[in-house]
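Q: Take the sequence shown: its letter number 61 is residue 333 in the numbering used here, and every next letter is one higher. Have a look at this one before I ask anything.
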Amino acid sequence: MGKGLYDAFAAAREVFQEIEEALGEKLSRLIFEGPAEDLTLTANAQPALMAVSLAAVRVLEREFAVPVTRAAFVAGHSLGEYSALAAAGALTVRDAARLLRVRGNAMQAAVPVGGGAMAALIGKVDVALAEEIAAKGAEVGVCVVANDNNVGNVVISGSKAGVDAALAFAKEKGARAIALNVSAPFHSPLMQAAADAMADALASAEIAPLAVPLVANVTARPVNEPATIRKLLVEQVTGRVRWRESVEWMAGEGGVQRFVEIGAGKQLSGMVKRNAPDAEALALNEPGDLEAFAKTL
273 MGKGLYDAFA AAREVFQEIE EALGEKLSRL IFEGPAEDLT LTANAQPALM AVSLAAVRVL
333 EREFAVPVTR AAFVAGHSLG EYSALAAAGA LTVRDAARLL RVRGNAMQAA VPVGGGAMAA
393 LIGKVDVALA EEIAAKGAEV GVCVVANDNN VGNVVISGSK AGVDAALAFA KEKGARAIAL
453 NVSAPFHSPL MQAAADAMAD ALASAEIAPL AVPLVANVTA RPVNEPATIR KLLVEQVTGR
513 VRWRESVEWM AGEGGVQRFV EIGAGKQLSG MVKRNAPDAE ALALNEPGDL EAFAKTL
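Structure (structure tokens):
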């Protein structure tokens, strides 16, 4: 991911260089060459995904004269919230990379390997049914709704015992469920140690005023104030990613008719189409995507 941007644009290479200087390692080599098992470690995956997103943002601005201020809002899913904040000028690229490295390490260390689990509830599942299923799991262990992505895609997270019990109940309710291959139970109360680590890290991080508002994961509403953002980033570690509500708010009260996913993949734009079917959703991954998008403005 990101290789096309890196090869084509000096602006993209600058972003990778800034992140590598902040982390003290050659992240681009790991992204482009692997090994995959190292790249997918959450401590590496988080800054890597951010690097690709911000490289594309920098190229849009530098090469195609499309600054982030053309957007009404920025938003990101989980770790993507840091990319969104850096795009909006609240965090420097270097600070975002360092914070994500702390976040990834802290999340990985919060729960022993095998002690937690996550699962996606798919098909005819809305958040109310997901909450009912999670509550059943919580009778046995920790189990909560972690990601409300869209109707038909709601993720639960918690202890292995809690999630296993929830999955058994999901089957009784006729809901399809897929265990996720993750390294920790993200966005659950089991991540409290990671939230504490992020509180310490964010306390000394400079958060500047945003060029455009952030629609926050925790509240699904726009926020501008640096102090509030600092607080919400801590809450986000253990809290629910309210992505469905965020997109519905932007498409409704926010008046957004066009959503642009910038970075690696098309997962978020797929969710947008399910949450706001009347809106346009684009994914910008490769140089040609950026050029074509710029021509539409």
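Ideal placement from N, C-alpha and C gives every residue a C-beta, glycine not left out. A quick note: this is a predicted structure, and the numbers were derived from the prediction, not measured.
Cβ-heavy atom distance between Phe-345 and the ligand FMN below 7 Å?
A: The ligand FMN is not part of the structure shown, which contains no ligands of any sort.
Q: Any idea what DSSP makes of Leu-482, helix, strand or coil?
A: Note: Leu-482 maps to coil in three-state DSSP.
Q: To the nearest angstrom, report how far apart Arg-546 and His-349 are at their CA atoms.
A: The straight-line gap from Cα to Cα measures roughly 15 Å.
Q: Which two residues bound the contiguous alpha helix (DSSP H) that contains Asn-316?
A: That run of the alpha helix (DSSP H) goes 314-336.
Q: Lys-396 and Gly-424: beta carbons closer than 8 Å?
A: Against a cut-off of 8 Å, the Cβ pair of Gly-424 and Lys-396 comes out as a contact.
Q: Just list the residues that DSSP pairs Pro-494 with in beta bridges.
A: Paired residue(s): Val-487.
Q: Please confirm if the stretch 434-443 is in contact with the stretch 409-426, defined as three or more CB-CB distances below 8 Å between the two stretches.
A: With the cut-off at 8 Å, the stretch 434-443 and the stretch 409-426 touch.
Q: Below 8 Å on the Cβ atoms is my contact criterion, and I expect Val-287 with Ala-317 to pass it. Report the Cβ-Cβ distance as a whole number of Å.
A: So it is not a contact: roughly 17 Å between Cβ atoms.
Q: Under the three-state reduction of DSSP, which class applies to Gly-430: helix, strand or coil?
A: Of the three classes helix, strand and coil, the one that applies to Gly-430 here is strand, per DSSP.
Q: Leaving aside the five residues before and after Lys-445 along the sequence, list all residues of the same chain whose C-beta is less than 8 Å from its C-beta, in chain order.
A: These residues qualify, in order along the chain: Leu-401, Glu-404 and Ile-405.
Q: Please report the Cβ distance between Ile-291 and Leu-302, rounded to the nearest whole angstrom; I am assuming they are in contact, meaning their Cβ atoms lie under 8 Å.
A: Contact flag wrong, Cβ pair sits at about 11 Å.
Q: Can you name the start and end residues of the alpha helix (DSSP H) that Glu-550 belongs to?
A: Strictly speaking, residue 550 in this sequence is Asp, with Glu absent from that position. It is not in any alpha helix (DSSP H) - Asp-550 carries neither H nor E in the DSSP assignment.
Q: Hey, how far is the Cα of Asp-561 from the Cα of Ala-555?
A: Whole-angstrom Cα-Cα distance: 8 Å.
Q: What would DSSP say about Asn-377, mapped onto helix, strand or coil?
A: Looking at Asn-377 - three-state DSSP - the assignment turns out to be helix.
Q: Going by DSSP, name the residue or residues bridged to Glu-507.
A: Bridge partners of Glu-507: none, in fact.
Q: On the criterion of 16 or more Cβ atoms from any shown chain inside 10 Å, does Arg-448 qualify as buried, or is it exposed?
A: Counting Cβ neighbours within 10 Å, Arg-448 comes out exposed, since fewer than 16 surround it.
Q: Just tell me which of Ala-548, Pro-549 and Ala-477 has its CA closest to the CA of Lys-503.
A: The option with the nearest alpha carbon to Lys-503 is Ala-477.
Q: Quick one: any contact between the stretch 307-314 and the stretch 500-517, if contact means 3 or more CB pairs under 8 Å?
A: Contact fails: fewer than three Cβ-Cβ distances are below 8 Å.
Q: From the DSSP output, read off the bridge partner residues of Asn-425.
A: Answer is Ile-394 and Asn-422, bridged to Asn-425.
Q: What's the gap between the Cα of Val-487 and the Cα of Val-495?
A: Their Cα atoms are separated by approximately 6 Å.
Q: DSSP state of Phe-531, grouped into three classes?
A: In the structure shown, Phe-531 sits in a strand (DSSP, three-state: E or B).
Q: Specify whether the stretch 530-548 and the stretch 371-385 touch according to this definition: at least 3 beta carbon pairs, one from each stretch, less than 8 Å apart.
A: Short answer: they don't touch.
Q: Quick check: what's the CA-CA separation for Thr-341 versus Val-484?
A: Looking at the two C-alpha atoms, the distance is approximately 6 Å.
Q: Mapping DSSP to helix, strand and coil, what is Leu-556?
A: Here Leu-556 sits in strand by DSSP.
Q: Give the straight-line distance between the Cα atoms of Gly-276 and Ser-429, rounded to the nearest whole angstrom.
A: Their backbone Cα atoms lie some 35 Å apart in a straight line.
Q: Considering just the uninterrupted stretch of the beta strand (DSSP E) at Ala-451, what are its terminal residues?
A: Per DSSP, Ala-451 belongs to the beta strand (DSSP E) from 448-451.
Q: Check each candidate in Val-528, Lys-408, Glu-333 and Gly-387 and name the one with the smallest Cα separation from Met-463.
A: The shortest Cα separation from Met-463 among Val-528, Lys-408, Glu-333 and Gly-387 belongs to Gly-387.
Q: When DSSP labels each residue in this structure, what does Gly-352 get in the three-state scheme?
A: Helix, per DSSP.
Q: Chain D beta carbons: is any one of them nearer than 8 Å to that of Arg-342?
A: Absent from the structure: chain D. Only one protein chain is present.
Q: What is the residue span of the alpha helix (DSSP H) that Glu-411 lies within?
A: Note, Glu-411: premise wrong, no alpha helix (DSSP H); not H, not E.
Q: Could you spell out the range, first to last residue, of the alpha helix (DSSP H) harbouring Met-273?
A: Per DSSP, Met-273 belongs to no alpha helix (DSSP H) and is neither H nor E.
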